[in-house]
Amino acid sequence: MSKLRIAVIGAGSISDVHFNSYVNNEEVELVAVCDLIEERARAKADKYGARKVFTNYNDLLADPEIDAVSICTWNNTHVEISIAALEAGKHVLVEKPMSTDINKALELQEAVKRSGKKLQVGFVRRYSGSAKVLKQFIDAGELGDIYYAKASILRRLGNPGGWFSDKERSGGGPLMDIGVHIIDLCWYLMGRPKVVSVTGNTYKKLGNRSNINNLNFYKAADFDASKNTVEDLANALIRFENGASLYVDVSFALHAKASCSQVEIFGDKGGAEIEPSFVIVSEKHDTILNMHPQVDHPGFNFEEAFQNEINHFVNSVLGRTDLISPVEDGVEITKILCGIYESSLKGHEIRF
Ligand SMILES: NC(=O)c1ccc[n+]([C@@H]2O[C@H](COP(=O)([O-])OP(=O)(O)OC[C@H]3O[C@@H](n4cnc5c(N)ncnc54)[C@H](O)[C@@H]3O)[C@@H](O)[C@H]2O)c1
1 MSKLRIAVIG
11 AGSISDVHFN
21 SYVNNEEVEL
31 VAVCDLIEER
41 ARAKADKYGA
51 RKVFTNYNDL
61 LADPEIDAVS
71 ICTWNNTHVE
81 ISIAALEAGK
91 HVLVEKPMST
101 DINKALELQE
111 AVKRSGKKLQ
121 VGFVRRYSGS
131 AKVLKQFIDA
141 GELGDIYYAK
151 ASILRRLGNP
161 GGWFSDKERS
171 GGGPLMDIGV
181 HIIDLCWYLM
191 GRPKVVSVTG
201 NTYKKLGNRS
211 NINNLNFYKA
221 ADFDASKNTV
231 EDLANALIRF
241 ENGASLYVDV
251 SFALHAKASC
261 SQVEIFGDKG
271 GAEIEPSFVI
281 VSEKHDTILN
291 MHPQVDHPGF
301 NFEEAFQNEI
311 NHFVNSVLGR
321 TDLISPVEDG
331 VEITKILCGI
341 YESSLKGHEI
351 RF
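Counting in UniProt numbering, the sequence shown tops out at residue 352, every number present.
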């Protein structure tokens with residue numbers, strides 16, 4: 001059987017996990033790499049064995065030797081490149097956030113329908129081994145009706161700078177970068193209930209804390225301490241049609257004792273923590289049980305989840321399975337993210 005011919009657009013940090021996962025998949029041939037910076041694209045092409053290098057994604061998309069693309073560019077380019085790829089007849093795996101604008105997200109949804117091609121959104125946390133196991137428990141009714149979820153990723157020091165802290169290119173700070181992951185994971189595990197309202201707050205109080213000595217933190221390649229137009233902290237309460245609610249807070253900078261991440265969901269028969277560890281909570285014979293499912297990677301393992309995500313994309317494109325994270329879900333999450341920023345700006349709840 002002939003292999004699925006893949007190209008990666010955007011050859012920065014996250015592209016390495018896409019490349020590695022494609023290389024590990026025997027049904028894939030890695031054909032091309034594109035980046036605005038030619039040396040960056042060439043270096044990745046050499047490292048991972050791709051034959052072709054481009055600096056303009058339209059040239060790459062015109063190549064008939066490519067069946068599908070991963071889009072790993074700045075957030076503000078995701079929709080435009082995805083639509084161009086679909087119109088060129090390619091299947092698309094687009095990194096999160098799918099869009100930073102609700103109207104553009106809807107345009108992309110239309111483009112997917114028109115094209116008949118597959119578009120998978122890179123909601124990678126859905127693909128972790130623990131999320132898969134927990135979803136099985138939830139689908140079997142073990143947690144009952146899920147009515148509350150609570151998710152935090154609080155970095156005391158962790159604004160990556162570069163395009164991440166440039167609102168024009170990122171669409172926002174920690175909410176767009178990490179909030180998107182945990183809002184999506186909770187919403188997915190809650191059974192994708194229809195969102196009816198959001199109340200959000202964003203704060204820009206501490207800047208990027210580039211003054212801090214003695215602690216290292218991840219910095220983007222084009223880190224520039226003077227450029228920071230995104231929030232430090234965002235929080236939100238999201239309400240759903242079925243009465244369930246989700247509370248989220250995320251930060252790039254905060255006077256917290258330590259950075260932490262915690263994702264929990266609660267139903268009327270049981271609950272679960274899925275980050276930082278994996279515990280399912282239940283009650284039997286008047287006794288509370290904390291159960292620890294035995295999986296290779298309790299909590300979130302980056303490499304495992306990406307490999308599962310890429311394998312799922314390949315299997316979907318080859319027609320063997322349905323998408324787990326389709327464009328419609330990208331639209332709903334964009335609606336929530338944009339609603340949180342709008343609520344913060346206007347100082348009141350946004351109803352949909
Ligand atoms: N799923 C995850 O866990 C995860 C983790 C990190 C980043 N991401 C997402 O991946 C994307 C890339 O993030 P990153 O950390 O790799 O950033 P990065 O800055 O390291 O890399 C982005 C690359 O895209 C290139 N680029 C930008 N616009 C382009 C265009 N029009 N054509 C070709 N190349 C272009 C840049 O030159 C750069 O090399 C972002 O959307 C980010 O949100 C996802």
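Backbone N, C-alpha and C fix where the C-beta goes; we use that ideal spot for every residue, glycine too.
Exposed or buried, what is Q294 when buried is set at 16 or more other beta-carbons lying within 10 Å of its beta-carbon? Translated into positions along the sequence shown, residue 294 becomes position 294. When all chains shown are included, Q294 counts as exposed.
Selection from L185, I66, N20, A32 that minimises the alpha carbon distance to I265: For this step, residue 265 is matched to residue 265 along the sequence shown. Comparing alpha-carbon positions, the option among L185, I66, N20, A32 lying closest to I265 turns out to be L185.
Using the C-alpha atoms, what's the distance from V196 back to A43? By 1-based counting over the sequence shown, the position of residue 43 is 43. By 1-based counting over the sequence shown, the position of residue 196 is 196. Roughly 47 Å between the two C-alpha positions.
Straight-line gap, P174 to H285 (C-alpha atoms, nearest Å): Counted from its first residue, the sequence shown places residue 174 at position 174. Counted from its first residue, the sequence shown places residue 285 at position 285. If I take the Cα positions, the gap works out to 43 Å.
Can you give the Cα-Cα distance for M291 and A111, rounded to whole angstroms? One-based indexing of the sequence shown puts residue 291 at position 291. One-based indexing of the sequence shown puts residue 111 at position 111. M291 and A111: Cα-Cα distance of roughly 44 Å.
Among the candidates A62, M190, A85, whose CA atom is the shortest distance from the CA of A131? Within the sequence shown, numbered from 1, the residue matching residue 131 stands at position 131. Minimum Cα distance to A131 is reached at M190.
Name the DSSP beta bridge partners of L237, please? For the purposes of this step, residue 237 is taken as residue 237 along the sequence shown, with counting starting at 1. DSSP output for L237 lists T199, Y247 as bridge partner(s).
So N25 and N301 are in contact, right, with Cβ under 8 Å, and what is the actual spacing, rounded? Indexing the sequence shown from 1 puts residue 25 at position 25. Indexing the sequence shown from 1 puts residue 301 at position 301. No, N25 and N301 are not in contact; Cβ-Cβ is about 18 Å, not under 8 Å.
What do you reckon, is the C-beta of E95 under 6 Å from a heavy atom of ligand 1? Stepping through the sequence shown from its first residue, residue 95 is reached at position 95. Because some heavy atom of ligand 1 lies under 6 Å away, the Cβ of E95 counts as near it: yes.
Per the contact definition of three or more C-beta pairs closer than 8 Å, is the segment 249-266 in contact with the segment 99-119? Fewer than three beta-carbon pairs drawn from the segment 99-119 and the segment 249-266 are found closer than 8 Å, and the two stretches are therefore not classed as touching.
With a threshold of 6 Å, establish whether the CB of W74 neighbours any heavy atom of ligand 1. Translated into the one-based positions of the sequence shown, residue 74 becomes position 74. Checking every heavy atom of ligand 1 against the Cβ of W74, one is found closer than 6 Å.
Short Cβ contact (7 Å threshold) for W187 with W74: As a working note, residue 187 is residue 187 in the sequence shown. As a working note, residue 74 is residue 74 in the sequence shown. No, the Cβ-Cβ distance between W187 and W74 is not below 7 Å.
Closer than 7 Å by C-beta to K227: which residues in its own chain qualify, once you throw out the five before and the five after it? Chain order, please. Taking the first residue of the sequence shown as 1, we reach residue 227 at position 227. If we look at K227 and ignore the five residues flanking it on each side, its Cβ neighbours are S165, D166.
Out of I350, P160, K118, G171, point me to the one whose CA is closest to T321's CA. The sequence position of residue 321 within the sequence shown is 321, counting from 1. For T321, the nearest C-alpha among the options comes from K118.
Inter-residue Cα distance where the pair is K257 and E328: Mapped onto the sequence shown, residue 257 falls at position 257. Mapped onto the sequence shown, residue 328 falls at position 328. Looking at the two C-alpha atoms, the distance is approximately 38 Å.
Would you say I310 touches ligand 1, meaning its beta carbon is less than 6 Å from a heavy atom? The residue you call residue 310 lines up with position 310 of the sequence shown. No; taking the cut-off as 6 Å, the Cβ of I310 has no heavy atom of ligand 1 nearer than that.
Nearest-angstrom Cβ-Cβ length linking N149 and L246, presumed shorter than 8 Å: In the sequence shown, counting from the first residue as 1, residue 149 sits at position 149. In the sequence shown, counting from the first residue as 1, residue 246 sits at position 246. Note that residue 149 corresponds to Ala in the displayed sequence, not to Asn. Between L246 and A149 the Cβ distance is about 5 Å, and since that is below 8 Å, they are a contact.
Considering only DSSP beta bridges, list what R351 is partnered with. The count along the sequence shown starts at 1 and reaches residue 351 at position 351. DSSP lists S197 as partners of R351.
Can you find a CB in chain B that lies within less than 7 Å of the CB of Q109? This model lacks chain B altogether; it includes just one protein chain.
Cβ neighbours of F223 in the same chain (closer than 6 Å, five flanking residues each side left out): Within the sequence shown, residue 223 is the residue found at index 223, counting from 1. The answer, listed in chain order, is G161, G162.
Determine, using beta carbons only, whether V248 and A151 come nearer to each other than 7 Å. What you label residue 248 is simply residue 248 of the sequence shown in a count that begins at 1. What you label residue 151 is simply residue 151 of the sequence shown in a count that begins at 1. In contact: V248 and A151 (Cβ atoms closer than 7 Å).
At a cut-off of 6 Å, would you count V124 as near ligand 1, judging by its Cβ distance to the nearest heavy atom? One-based indexing of the sequence shown puts residue 124 at position 124. For ligand 1, at least one heavy atom lies less than 6 Å from the Cβ of V124.
Got a sec: does ligand 1 put a non-hydrogen atom nearer than 6 Å to the Cβ of S13? Residue 13 sits at position 13 when you count from the first residue of the sequence shown. Yes, Cβ of S13 sits closer than 6 Å to a heavy atom of ligand 1.
Tell me whether H297 sits in a helix, a strand or coil according to DSSP, three-state version. Translated into positions along the sequence shown, residue 297 becomes position 297. The three-state secondary structure of H297, taken from DSSP, is coil.
Which one or two residues does DSSP pair with K284 in a beta bridge? Locating residue 284 in the sequence shown gives position 284, where the first residue counts as 1. According to DSSP, K284 bridges with T287.
Jot down the residue ranges of each uninterrupted alpha helix (DSSP H) in the segment 81-148, minimum 4 residues, whole runs only, in chain order. 102-115, 129-139
I need the straight-line Cα distance from K135 to A11, nearest angstrom please. Position 135 of the sequence shown, counted from the start, is the residue given in the question as residue 135. Position 11 of the sequence shown, counted from the start, is the residue given in the question as residue 11. Their Cα atoms are separated by approximately 32 Å.
Those residues which DSSP pairs with F54 across a bridge: Reading the sequence shown from its first residue, position 54 is the one you call residue 54. DSSP, once it has assigned bridges, lists C34 as partnering F54.
Would you say the beta carbon of L30 comes nearer than 6 Å to a heavy atom of ligand 1? Along the sequence shown, one-based indexing puts residue 30 at 30. No.
Out of L337, L345, S344, which has the shortest C-alpha to C-alpha gap to G171? Here residue 171 is taken as the residue at index 171 of the sequence shown, counted from 1. Minimum Cα distance to G171 is reached at L337.
Relative to the C-alpha of V69, which candidate in N76, L86, Y341 has its C-alpha closest? Within the sequence shown, residue 69 is the residue found at index 69, counting from 1. Here the closest residue by C-alpha is L86.
Go to residue 354, then tell me how far its alpha helix (DSSP H) extends in each direction, as first and last residue. Nothing about residue 354 can be reported from this structure: the residues present for the chain run from 1 to 352 only.
Collapsed DSSP secondary structure at S210 in the structure displayed: Counted from its first residue, the sequence shown places residue 210 at position 210. Residue state, collapsed to three classes: coil.
If you draw a straight line from the C-alpha of L30 to the C-alpha of I350, how long is it? As a working note, residue 30 is residue 30 in the sequence shown. As a working note, residue 350 is residue 350 in the sequence shown. Their Cα atoms are separated by approximately 44 Å.
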